[in-house]
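Here is the structure we will look at.
Residue numbers (my numbering): 29 to 112.
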């Protein structure tokens with residue numbers, strides 16, 4: 029189970045079995061996190077409020093998605109110049 033399954037589970041409370049038609053999904057392209065959300069504002073709000081805001085916060089325990097983003101550990105000064 030992953031993002032799509034969790035989204036559909038949470039969405040079920042709002043829209044019932046219609047959540048089966050949701051194509052919410054997430055993945056990685058290199059070190060970039062990608063999220064495909066349904067087009068309704070309610071669905072986007074649900075995804076942000078119940079999943080993404082927490083998983084993109086390094087303080088969320090016991091785990092979060094920030095660990096998958098190594099660029100957050102980089103020094104911005106060296107990233108811009110490529111210096112080490």
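Glycine included, each C-beta is placed from N, C-alpha and C at the ideal position.
Local Cβ density within 10 Å of residue i, reported as buried at 16 or more and exposed below that
i, result
"residue 39", "buried"
"residue 96", "exposed"
"residue 41", "exposed"
"residue 165", "Because residue 165 is not part of the residues shown, which for the chain are 29 to 112, the question remains open."
"residue 75", "buried"
Beta-carbon spacing of residue i, residue j below 7 Å
i, j, result
"residue 63", "residue 71", "no"
"residue 136", "residue 50", "Residue 136 cannot be examined here, being either before or after the span of the chain that is shown, 29 to 112."
Nearest residue (CA-CA) to residue i, options the options
i, options, result
"residue 32", "84, 59, 86 and 80", "80"
"residue 48", "77, 58, 83 and 66", "66"
"residue 92", "69, 61 and 43", "61"
Residue i (DSSP reduced to helix, strand or coil)
i, result
"residue 32", "helix"
"residue 53", "strand"
"residue 59", "coil"
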